[in-house]
Amino acid sequence: MIKGMDELLKRLGGIQKAMEDVDTIVARHAFMAEREAKRNLTKNRSVFTGTLRNSITTRKLGWAMWVVGTSVKYAPFVEYGTRPHRPPLRPLVEYVRLKNRMGTVHSMSPRKKQRLFAMARGLQRKIERDGTEPHPFMRPAYEMVRFQLRDALVDKLAGALKGR
């Protein structure tokens with residue numbers, strides 16, 4: 006028998022066990038990033054209907070490959086903001102109506118309806134002039150988790166190499 010072979014095999018077994026744990030560590034941190042992204046949306050007051058927050062999910066792509074994301078089309082506009090542009094009026098009318106709890110358009114008096122459209126047009130002009138401000142929620146979550154993930158992986162693999 007070669008001198009030190011038992012120790013080498015023991016350490017290789019430890020490395021194999023550590024590699025099996027890597028996927029679990031990455032998954033734990035991916036779900037941590039998901040929770041933090043949802044928390045960020047609430048913190049920066051970007052939750053209106055809850056659609057965006059509820060759409061943030063974590064899924065496995067492969068071994069130690071996890072993705073946190075959303076399929077909501079307007080998510081990048083919330084994250085990064087927009088440059089000045091002229092948004093369509095109809096979604097702004099709906100937003101203003103819901104935000105101000107104005108009831109259904111069909112049940113509104115002509116005066117209330119006129120006020121609703123004036124508010125929506127005002128919002129449209131503001132976006133046309135200034136764009137929208139960014140409200141980052143994914144990037145801060147990633148930044149919070151990435152160093153924690155790195156440290157957890159380094160600790161796990163270093164421990165395996167040292168035979169712990």
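Quick note on the working numbering: the sequence shown kicks off at 6 and runs consecutively. Each residue gets a CB set at the ideal place from its N, CA and C atoms; glycine is no exception.
N- and C-terminal bounds of the beta strand (DSSP E) containing residue i
i	result
M70	70 to 74
Residue nearest to residue i in terms of C-alpha spacing, selected from the options
i	options	result
F122	V77, E133, G74, R102	R102
A69	T109, P145, R33	R33
R144	M24, T29, E39	E39
I132	F53, N45, E25, R91	R91
V52	K104, F36, G67, L97	K104
N45	Y147, Q153, V159	Y147
Residue interval of the alpha helix (DSSP H) (run including residue i)
i	result
G164	143 to 166
R102	94 to 104
T56	56 to 60
G127	115 to 135
Contact belief for residue i with residue j at Cβ below 8 angstroms, rounded distance in angstroms
i	j	result
T47	I61	Rounded, the Cβ-Cβ distance is 12 angstroms, inconsistent with contact.
T56	V77	6 angstroms
P141	E84	6 angstroms
I30	K167	The pair is not a contact, with the Cβ atoms about 17 angstroms apart (cut-off 8 angstroms).
G86	G127	About 19 angstroms separates the two Cβ atoms, so there is no contact after all.
Span separating the alpha-carbon of residue i from that of residue j
i	j	result
V72	R64	6 angstroms
E41	E138	20 angstroms
R120	M113	10 angstroms
S125	V27	Looking at the sequence provided, one finds Ala at residue 125 rather than Ser. Their backbone Cα atoms lie some 51 angstroms apart in a straight line.
Three-way DSSP call (helix, strand, coil) for residue i in this model
i	result
R33	helix
K78	coil
T63	strand
T109	coil
heavy atom of the ligand ADP below 6 angstroms from residue i C-beta
i	result
P141	Among the components of this structure there are no ligands whatsoever, and the ligand ADP is therefore not found.
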